[in-house]
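The block underneath contains the structure these notes are about, expressed in structure tokens.
2 protein chains.
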Amino acid sequence: MAQISNREKLLQAGLDLIHEHGFGATSVRDLVRAAGVPQGCFTNHFASKESFGVEVLGRYRAEKRADAHQTLLDDNGSPLQRIRAYIDVRTERFKRNGMRCGCMFGNFAAESSTESEAIRQELLDIFAENRAAMAYCLEAAVRVGELPEDFDCDETAAFLLSSWQGAILSAKTQRDVAPIERFKKYLFASILH
Amino acid sequence: MAQISNREKLLQAGLDLIHEHGFGATSVRDLVRAAGVPQGCFTNHFASKESFGVEVLGRYRAEKRADAHQTLLDDNGSPLQRIRAYIDVRTERFKRNGMRCGCMFGNFAAESSTESEAIRQELLDIFAENRAAMAYCLEAAVRVGELPEDFDCDETAAFLLSSWQGAILSAKTQRDVAPIERFKKYLFASILH
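Chains L and X, in that order, give the protein sequences. Counting from 1, position 156 in the first sequence corresponds to residue 156 in my numbering; the numbering is continuous, with no gaps. Counting from 1, position 107 in the second sequence corresponds to residue 107 in my numbering; the numbering is continuous, with no gaps.
See the structure below:
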């Protein structure tokens, strides 16, 4: 079995710790300790904590991209059902940690977008990618007649995703899935028809 | 003119610094320096940084409560116009700092609700109060016939406010009012009718 490099151990520890505690509350000392790597290791592999944060965000992004490929971007099945599946897949992930951690995109946006321009730019890129994936699925819904022909897919994708982040943030604060269930209810009853 | 106490100076500095940089990124040293008070002053007045955070959040809450009293809870005028006014008043405040800082409620929720139970409880209390104020205004809209009689005011208030936090978070990341304008558009076109 291939050995996991110290760099990789740090990134994996970073994904967990930063998701749970936030970027600011996670120190380099915490990371090194959780990864079980030598003290000086961090600076050998990362130019700064900020650049480490950007890489961790990229890892999380790759996971979420896989979720989108299996749902929003999968051309089989009802497009509106694919949106429902996307929400459900992500919700199952949130439930694994008792809804406590929320979405790392939203957490970084709230905590770090004023402090780090590199993190903010990564987030803008992520949000644009997510918006495009959601709009792609909404356009498919228009094509199969699940949404009306004049439906504004791009604008609705943007609204839907920011509203979704708000629902996740409420769910995280309450440690309860109710805000996400409510979001789904309003989304399908009032927006996507 | 009455002298401002050191305690008050620290709280005022805390409101500005924590709103701009976040709770974690604001150190006690930053607070003491910005407030221009002696070094030991912080621990004389506050049991911990966490309890200071709860007080700062309470200050911010009092400001937002005044906004709600002038709009959502003011019994004069069209209730739906009062909701519009509430959003507009808050948006003007966000614009003052170039949309960079967002809403302190959302920022604390994302950053501190996993780390501090005291802050999380304060946020739950704030969100419940805001939900009640919004539901009050929606009920008034039902009474004057701006919304249908079977409108679910309490559920819609909860959805609306979490969606609103998501819009603010997007606006903060983008440093652009567009997500808030979009939220308003969907709110009045698809939810409140």
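Don't be surprised by glycine CBs; every beta carbon is placed ideally from N, CA and C.
Among the residues facing chain X, P79 of chain L is not included, as its CB has no counterpart in that chain under 8 angstroms away.
Between the alpha carbons of A68 of chain L and E111 of chain X lies a distance of about 26 angstroms. Here L169 of chain X really is in contact with G166 of chain L; their C-beta atoms are around 7 angstroms apart, less than 8 angstroms. Around the beta carbon of N44 of chain X, fewer than 16 other beta carbons sit within 10 angstroms, so the residue counts as exposed. Taking CB atoms only, H21 of chain X has a neighbour in chain L less than 8 angstroms away. Interface residue (Cβ-Cβ distance to chain L less than 8 angstroms): S48 of chain X is not classified as such. In the DSSP annotation of this structure, the continuous segment of the alpha helix (DSSP H) that includes L15 of chain L starts and ends at 6 to 21. Inclusion of T173 of chain X and F127 of chain L in the CB contact set at 8 angstroms is warranted, their separation being smaller than that value. A residue is called buried once 16 or more other Cβ atoms fall within 10 Å of its Cβ, and E122 of chain X is buried on that count. Pairing K9 of chain X with G36 of chain X gives a Cβ-Cβ distance under 8 angstroms.
Straight through space, the alpha carbons of R143 of chain L and T114 of chain X are spaced by roughly 43 angstroms. Residue-level contact by beta carbon fails for L31 of chain X and chain L, as no gap is shorter than 8 angstroms. Scanning its chain for C-beta atoms nearer than 7 angstroms, with the 5 sequence neighbours on each side dropped, one finds around G22 of chain L the residues N107, E111, in chain order. When secondary structure is reduced to three states using DSSP, P38 of chain L falls in the coil class, being assigned neither helix nor strand. Here the alpha carbon of L161 of chain L sits roughly 7 angstroms from the alpha carbon of R131 of chain L. Exclusion of the five residues before and after R175 of chain L leaves G98, M99, R100 as the residues of its chain whose Cβ lies within less than 7 angstroms of its Cβ. With its beta carbon less than 8 angstroms from one in chain L, F127 of chain X belongs to the interface. The beta carbon of D150 of chain L sits closer than 7 angstroms to no other beta carbon from its chain once the five residues preceding and following it are set aside. Using a Cβ-Cβ cut-off of 9 angstroms, K172 of chain L is close to A109, A110, S113, T114 of chain X, given in chain order.
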